[in-house]
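Worksheet: the structure to be examined is printed underneath.
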Amino acid sequence: MAELLKRIIRKDLRAGFSESSVNKGMPGLIAEFPYMRCVLPKKAKFNKWEWEQGVFSQEKADGFYDNLDHDDDGNVELRTRQGNPLPLDQFGGVVAEAKARLDRGTETHGEILVLVDGVIADREIGNSIVNRVAAGGEFAANEQPLFLAWDQIPLHVVVPKGEYHVGYRERFKALLMQLARVPGSDVRVIPTKIVHSLREAYQHCKELQLQGKEGTIIKRPTGFWKDTNSGNPDVVKLKVEAEADLVLKAIVPGRAGTKNEGRPGSITCETSCGQLVVDVTIQNEKMRDGLEAGWSAWEGRVMKVVFNDIMAPFASSNVHSFFLLRFAEDCVRIDKDVADNLARCREQLEAAINGEGVPA
C-alpha cells in the first residue's frame, strides 16, 4: 500500500493507465496539469487557416518547458510540464519581472533557456543546467535563466479539459502589451514572424534550421487554447525534411580514437548524375554488422536519405552536398536500383518547402 501511495503521488502507477483515469473514479485525487500539445502537418487543415490575416511562425527554441503562474495576490510559481515546482530563489530575475510585468490571475506558457557568459546555451547544456538547479543545485556566476513566453491564459481555465475561447492573435497581443509596459530582459517573447502562406512558413522554418535550430511552431490566428493530449490542429510543428535516393559508393572508416575506429563509420553516397556527393553516418549496429559481413551486397545499391537543404559546392569542391542528413532506413532498397539526380533532389526539397509530402 505504501508503494502504491508513493506512485500515486509521483503519478507513476506503472499500471497502464494515467492520473486522468484514476481521477474519473475519485475526482481530484491526483493533481493534473493541463497542457496543449501541437500536431504534425498531416493533422492540420491548412486550407481553413486565415493566412491573409497572418499566421504566427515561432522558433522552436526547445528549452525547458515551464508554466509561469501569477496569481491574484501577486504570488509567482514556476512549474514544469508535470507540475513540479522550480526553486524561486534561483530564478530571482524571472520572478521579479513576472511580478512587475505580467498580469495577475494568469498563467504564461514558455520555456526556460540559459545564458552562459551572455550567450544562449545549446539545448543539451541549458536543460542540464536547469535540471541541476531543479534538483537543488544553483546557477553558476556566469549562468542566467531566461524565460521565453509564447502564450498566456487566465488561471481559472487551467483545469483538466479546460478551454479558453480567445483567439491566439488576441492572446499574443495582450502578452506583448504587458511586457511593453515595463522594461526588462529576463522575460521575453519567443522570436516570432508573421507569414501569409504555408510556403512562407516552411521558408522561415528552413531559415532557422540552417542556423542550427530545430524548426518552428506555427499557430492559427483565431485558434483557441485547450488542454489536449491528442494535439490542437491549430498549433503545428514544422520541420523541413525531404527524401532522396542515393547510390552507395564506398565505406568510410570510423575516425581514429572513436568507438568505431577500424569499423565502418559512414558511407559515401552520390546522386545518379554525380553532382552531389555526401558521407552519411551509418545508422545503427545492425547496419554496421551487415556492412562488415560483405560490402559487395551493398556497393552500387540505392538507399533512401533524409535531408534539410542542398548546399552549393565549396571553393575546394565542384559537387553539391546535403545539410543535416541521415539514412531513412538501415537497409538498401529492393524496389529501386537507380538513384535520384540533383534535379530530382531539388524537386523533393521544393515540395517539402511547399508543405507537400513532408515526412512526419
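Residues in the sequence shown are numbered consecutively from 1, following the UniProt record's numbering.
No residue lacks a Cβ here, since even glycine has one placed at the ideal position from N, Cα and C.
Residue i versus residue j: straight-line alpha-carbon distance, rounded
i           : j           : result
residue 351 : residue 208 : 18 Å
residue 98  : residue 87  : 15 Å
residue 301 : residue 248 : 6 Å
residue 133 : residue 63  : 14 Å
residue 58  : residue 295 : 45 Å
residue 259 : residue 82  : 37 Å
residue 126 : residue 210 : 21 Å
residue 173 : residue 60  : 19 Å
residue 347 : residue 356 : 11 Å
residue 235 : residue 321 : 33 Å
residue 104 : residue 77  : 12 Å
residue 289 : residue 183 : 59 Å
residue 108 : residue 339 : 49 Å
Start-to-end residues for the alpha helix (DSSP H) that takes in residue i
i           : result
residue 229 : Run containing residue 229: none; DSSP gives neither H nor E here.
residue 181 : 168-181
residue 127 : 123-134
residue 94  : 92-101
Selected residue, minimal CA-CA separation from residue i, among the options
i           : options              : result
residue 170 : 295, 41, 336 and 54  : 54
residue 110 : 266, 40, 70 and 147  : 147
residue 292 : 70, 266, 242 and 310 : 266
residue 72  : 66, 79, 102 and 43   : 102
residue 140 : 117, 166 and 162     : 117
residue 223 : 137, 44, 33 and 323  : 44
residue 216 : 68, 228 and 192      : 192
residue 52  : 324, 196, 180 and 40 : 196
residue 149 : 157, 41, 128 and 187 : 187
residue 324 : 144, 179 and 279     : 279
residue 326 : 32, 243 and 40       : 243
residue 345 : 299, 35, 331 and 312 : 312
residue 74  : 80, 100, 157 and 254 : 100
Coil, strand or helix - residue i by DSSP
i           : result
residue 295 : helix
residue 349 : helix
residue 332 : coil
residue 205 : helix
residue 79  : strand
residue 141 : coil
residue 155 : helix
residue 107 : strand
residue 17  : With a pLDDT of 45 at residue 17, under the threshold of 50, the modelled position of this residue cannot be trusted, and the question is left open.
residue 239 : coil
residue 149 : strand
residue 51  : helix
residue 46  : helix
Check: residue i C-beta below 7 Å from any heavy atom of the ligand ATP
i           : result
residue 144 : As for the ligand ATP, it is missing from this structure, which has no ligand bound.
Check whether residue i and residue j have beta carbons under 8 Å apart
i           : j           : result
residue 273 : residue 354 : no
residue 91  : residue 218 : no
residue 245 : residue 161 : no
residue 94  : residue 145 : yes
Boundaries of the beta strand (DSSP E) in which residue i is found, first to last residue
i           : result
residue 65  : 64-70
residue 266 : 264-270
residue 194 : 192-195
residue 302 : 302-307
Interface flag, residue i vs chain B, CB-CB below 8 Å
i           : result
residue 326 : In the displayed structure, chain B is absent; only one protein chain is listed.
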